[in-house]
Amino acid sequence: MTWNMKRTKGCAAVIAAGLLWAVSPATAESQNSSAPEAATWKSLKSDVFGSRPIEQGEGIVRIEAPKRAEDAAVVPVDMHFKTDSKTGRIKTVTLIVDENPAPVAAVFTFGQNAGVTHLATRLRVNAYSYVRAIAETEDDKLHMTEVFVKASGGCSAPAMKNQDEAMASLGKMKLRVFPSKAPGLEPLTRATEMQLMIRHPNNSGLQMDQLTRYYIPAHFIQGLTVSQGNQLILSMQGGISISEDPNFRFAFDARTGEELKVEALDTEGKKFQDEWPLESSSL
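Heads up, the sequence shown is in the numbering used here, so the first residue is 2 and it goes up one at a time.
Right, dumping it as C-alpha cells:
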C-alpha cells in the first residue's frame, strides 16, 4: 500500500489546529492547580471541532489512564470501542491532552471492515490535565470520554536515549502477536491483539540537549498506516504528544494468509516500512 496523503488531509488539518494551540495564561495557571481547567477545553473544543455537538461516549468509547503517572513522558492510555447498531461503526478517534502545548496528540482512522475494538499507546503529559478520546461514528456524531491525569513536565523531559543512539535505530519496527485464545479457554472476542513498536526519538521540540544546552528540534512520526492485504486496519496522524519509541497495541479482525504491512512517515520526510506474515497458528 502506498502512502496516501490525500486520504488523511482532514485528519492533518485537525492535528494542525492542535499544533497551533499556544500555552495561554489559563493553561499556565492550571499547571499549578490540581483542579481541572474547564476554560481550556471550552476554547480547544471549538478550535478542533467547531460548533459540532459532542455527546457522552458511554457504551461507545472508554478510556483508561493512571490517575497519577509514574513517568509523565510515558503515560499509558487504553481506549476500548464498541459498535452500536444505532450509531454504526467508529470511523475516527481524536486523542487530546487538554493542557499540552499541542493538545491534539493523534487522530486515528479505522478501516471499514477492520473491527478495531481496542487501541493503546503512550503519551507525554505536560501538566495536570484531562486526556480525552472523541470518537466519530458512521452517523457523523461525536462521542467523548475523558480521564483526569496528574503528571507534569512530560513534553520537556529528557530523551531516554542519546541522539546518536536514537538515530542509529531510527525507524526499526517490531510486531508482537498475542494469541486470541488462551489454552483451555474460550476467546473473549474474535479480535486478534497485536503490539507495534517503532524506534524513533519523537522529539517534541521542547527538550534540551544536556550537553549543548540547546533545544532539540521537533522530529516525530506524523503519519502511520497499518494494513492487511489491501485493506486498511488503522492510520494515524500524530503530534508531539506521542512518547519516544511510539508503541501501539490494538485488537482487530485479522485474516490468516495475508501479510500485515506498516508504513510510517516522520516530520523530516523519512519513510519507514515493514511487513509480517500472519499464520493461523499465531491468531
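The beta carbon of each residue, even a glycine, is placed where N, CA and C say it ideally should be.
Computed from a predicted model, the values in this text were never measured in an experiment.
query	result
Same chain only: Cβ atoms within 7 Å of E147, ignoring 5 sequence neighbours per side	I64, Y131, V132, R133
Start-to-end residues for the alpha helix (DSSP H) that takes in A265	Where A265 is concerned, there is no enclosing alpha helix (DSSP H), although the beta strand (DSSP E) it sits in stretches over 261 to 267.
E137 versus G206 - alpha carbon distance	30 Å
Contact set for D267: own chain, Cβ-Cβ below 7 Å, skip 5 residues either direction	H201, H220, F221, I222, Q223
Status (buried if at least 16 other CB within 10 Å, exposed otherwise) for I16	Any answer about I16 is weak, because its pLDDT of 47 lies below 50 and its placement is not dependable; what the coordinates show is given next. The residue in question, I16, is buried, as its Cβ has 16 or more Cβ neighbours within 10 Å.
From I243, F149, K142, P159, residue whose alpha carbon lies closest to that of K52	Lys is not the amino acid found at residue 52; the sequence shown has Ser there. Cα-wise, what sits closest to S52 is K142.
Secondary structure of L45, DSSP reduced to three states	helix
Where M195 sits in the DSSP three-state scheme	strand
Stretch pair the segment 241 to 248 + the segment 153 to 171: three plus CB contacts closer than 8 Å	yes
Span of the alpha helix (DSSP H), counted from its first residue to its last, around P245	The sequence shown places Glu at residue 245, rather than the Pro named in the question. No alpha helix (DSSP H) holds E245; DSSP gives it neither H nor E.
Limits of the alpha helix (DSSP H) - the one that E166 falls within	164 to 169
Cβ pair count under 8 Å reaching 3, the segment 166 to 178 against the segment 267 to 276	yes
First and last residue of the uninterrupted beta strand (DSSP E) at V108	105 to 111
Whole-angstrom C-beta distance between L233 and G112, which should lie under 8 Å	4 Å
Span separating the alpha-carbon of D48 from that of R256	39 Å
Rounded straight-line distance, which links the Cα of S153 to that of Q229	38 Å
8 Å Cβ shell around N33 - same chain, five flanking residues per side excluded	Because N33 carries a pLDDT of 46, less than 50, the predicted location of this residue cannot be relied on, and the following value inherits that uncertainty. None.
A158, DSSP secondary structure in three states	coil
Paired residues, beta bridge with A121 - DSSP	D79, R250
Cα-Cα separation, E269 to N203	11 Å
Environment of M209 [buried if 16+ CB atoms lie within 10 Å]	exposed
Residues near R123 in its chain [Cβ-Cβ closer than 6 Å; skip 5 each side]	V75, P77, S244, N248
Cβ pair H119, M145 closer than 9 Å	no
P102, buried or exposed, once every other Cβ within 10 Å from all chains shown has been counted against 16	buried
Which of helix, strand or coil DSSP assigns to F273	strand
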